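Residue numbering for the sequence shown follows numbering that gives the first Met the number 0, starting at 0 and increasing by one per position. Heads up: the structure comes next, in C-alpha cells.
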Amino acid sequence: MVAQKIVSKVEGRTRDLADFVPTSDAHELAHETGRDPKAMQAILEESSKILRRTPAAVIAAHRTGHVLANAGIDASNVEGGEAGRVLLWPFDPDTSARALRSELQKECEVRIGVVIADSMGRAWRIGTLGNAIGCAGVSVLEDRRGLAQDLYGRTLQATVIGIADSVAAMAALAMGEGAEGTPVALVRGCERWVTEEDGPGAVGGLRPIEQDMFR
Numbered sequence: 000m001v002a003q004k005i006v007s008k009v010e011g012r013t014r015d016l017a018d019f020v021p022t023s024d025a026h027e028l029a030h031e032t033g034r035d036p037k038a039m040q041a042i043l044e045e046s047s048k049i050l051r052r053t054p055a056a057v058i059a060a061h062r063t064g065h066v067l068a069n070a071g072i073d074a075s076n077v078e079g080g081e082a083g084r085v086l087l088w089p090f091d092p093d094t095s096a097r098a099l100r101s102e103l104q105k106e107c108e109v110r111i112g113v114v115i116a117d118s119m120g121r122a123w124r125i126g127t128l129g130n131a132i133g134c135a136g137v138s139v140l141e142d143r144r145g146l147a148q149d150l151y152g153r154t155l156q157a158t159v160i161g162i163a164d165s166v167a168a169m170a171a172l173a174m175g176e177g178a179e180g181t182p183v184a185l186v187r188g189c190e191r192w193v194t195e196e197d198g199p200g201a202v203g204g205l206r207p208i209e210q211d212m213f214r
C-alpha cells in the first residue's frame with residue numbers, strides 16, 4: 000500500500016495556488032463558500048462536476064470518477080503548504096499503480112499487488128478512512144452474490160466486498176495520517192486477492208452513475 004502523497008510528489012503534482020488564474024466559475028464558487036478563488040480554480044480544474052459546496056468543503060467528482068472533498072487537493076505534509084503550495088492527485092492513479100507494480104515485480108522477482116490510497120470522508124459517517132484511488136494486481140471487488148451462504152444456508156444476494164478499500168483502510172492505520180512519515184505499508188496474508196493481470200484498477204470499484212441514488 001502506497002500513500003497518494005508520495006506518488007504525487009514523485010510525479011511532480013505540487014502546485015502553487017498563486018499560479019491558478021480564477022475564472023468566473025471559480026469566483027462564483029469562492030463567493031458561495033467564502034474561500035480563495037485560486038483554490039476554487041484548482042478544484043475546478045481537477046473536477047468533472049461540483050456536487051456540493053459549503054465553507055468547510057467542496058464535494059467534487061474528480062475527473063477520474065472518484066467523489067471526494069476538494070477534488071483531493073491538499074496542503075498537509077506539503078513543504079510550503081502554509082504559503083499556498085498544494086498537492087494534486089496523480090494524473091491517473093491506476094496508471095501510476097500499474098507502473099509501480101511492474102517495476103517492483105522486476106526488482107523483487109515476486110508477484111505483488113499495489114494499492115495507492117488517500118484518506119476520504121464518508122457522507123453519513125464522521126471520520127476519514129483510507130480509500131483505494133489506484134490499483135494494480137489486486138481484486139478491487141469480491142462479488143459473493145449467489146456464490147456463498149450465510150450461517151443459516153441462505154444464499155447471499157447483495158454482498159459485494161470492497162477488497163481494495165478494505166486493504167487501504169487497514170494499512171492506513173499502520174501508516175498514520177500526520178507526521179508519522181510512513182508512506183508505504185507491506186500487507187501480508189492477502190495473497191488470495193493478488194491477481195496475475197493488473198485488472199481494471201480502482202475505477203472498477205466506482206458505482207455507475209445510473210446506480211447512484213444521490214446525484
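Backbone N, C-alpha and C define an ideal beta-carbon position, used for all residues, glycine too. Quick caveat, the model's predicted, so the values are computed rather than measured.
Own chain residues within Cβ distance below 7 Å of residue i, not counting five before or after
{"i": "Val193", "result": "Arg110, Ile111, Gly112, Gly136 and Val137"}
{"i": "Ala56", "result": "Ala68 and Asn69"}
{"i": "Glu31", "result": "Arg52"}
{"i": "Arg191", "result": "none"}
Spatial neighbours of residue i in its chain, beta-carbon cut-off 8 Å, leaving aside the 5 residues before and after
{"i": "Gly145", "result": "Thr154, Leu155 and Gln156"}
{"i": "Lys48", "result": "Ala59 and Ala60"}
{"i": "Arg84", "result": "Thr13, Arg14, Asp15, Leu16, Ala74, Val77 and Glu78"}
C-alpha distance - residue i paired with residue j, whole-angstrom precision
{"i": "Glu106", "j": "Leu185", "result": "15 Å"}
{"i": "Ala82", "j": "His65", "result": "28 Å"}
{"i": "Gly126", "j": "Leu205", "result": "20 Å"}
{"i": "Ala68", "j": "Val159", "result": "25 Å"}
{"i": "Pro23", "j": "Leu43", "result": "At residue 23 the sequence reads Ser, which differs from the Pro that was named. Those two C-alpha atoms are separated by around 11 Å."}
{"i": "Gln104", "j": "Glu195", "result": "11 Å"}
{"i": "Val20", "j": "Ser46", "result": "16 Å"}
{"i": "Gly177", "j": "Ala2", "result": "12 Å"}
{"i": "Ala167", "j": "Gly175", "result": "12 Å"}
{"i": "Asp18", "j": "Arg34", "result": "16 Å"}
{"i": "Pro54", "j": "Thr63", "result": "24 Å"}
{"i": "Glu141", "j": "Ala122", "result": "23 Å"}
{"i": "Tyr189", "j": "Gly11", "result": "In the sequence on display, residue 189 carries Cys and not Tyr. Taking the straight line from one Cα to the other gives about 31 Å."}
{"i": "Leu87", "j": "Glu108", "result": "32 Å"}
{"i": "Arg187", "j": "Met0", "result": "11 Å"}
{"i": "Val139", "j": "Thr181", "result": "23 Å"}
{"i": "Leu28", "j": "Gly80", "result": "22 Å"}
{"i": "Ile162", "j": "Pro36", "result": "38 Å"}
{"i": "Pro199", "j": "Arg124", "result": "28 Å"}
{"i": "Glu102", "j": "Pro89", "result": "17 Å"}
{"i": "Gly203", "j": "Ala131", "result": "11 Å"}
{"i": "Glu179", "j": "Gly152", "result": "45 Å"}
{"i": "Asp211", "j": "Ile72", "result": "24 Å"}
Exposure of residue i, with buried meaning 16 or more beta-carbon neighbours within 10 Å
{"i": "Phe213", "result": "exposed"}
{"i": "Asp197", "result": "buried"}
{"i": "Gln148", "result": "exposed"}
{"i": "Ala70", "result": "buried"}
{"i": "Arg51", "result": "exposed"}
{"i": "Ile208", "result": "exposed"}
{"i": "Ala25", "result": "buried"}
{"i": "Gln40", "result": "buried"}
{"i": "Val183", "result": "exposed"}
{"i": "Asp164", "result": "buried"}
{"i": "Ala230", "result": "There is no way to answer for residue 230, as the model of the chain reaches only from 0 to 214."}
{"i": "Gly129", "result": "buried"}
{"i": "Leu150", "result": "exposed"}
Own chain residues within Cβ distance below 6 Å of residue i, not counting five before or after
{"i": "Arg143", "result": "Leu155 and Thr158"}
{"i": "Leu99", "result": "Val113"}
{"i": "Gly133", "result": "Pro92, Asp93, Ser95, Ala96, Ile115 and Ala201"}
**Q.** the segment 6–15 touching the segment 87–101, judged by at least three CB pairs closer than 8 Å
**A.** yes
Q: Inspect the CB distances between the segment 157–172 and the segment 115–129 and report whether three or more fall short of 8 Å.
A: Yes, the segment 157–172 touches the segment 115–129.
Q: Entirely within the segment 73–156 and at least 3 residues each: give me those beta strand (DSSP E) ranges in chain order.
A: 84–86, 113–121, 124–135 and 140–142
Q: Counting only runs of 4+ residues fully inside the segment 35–59, write out the alpha helix (DSSP H) ranges in chain order.
A: 36–44
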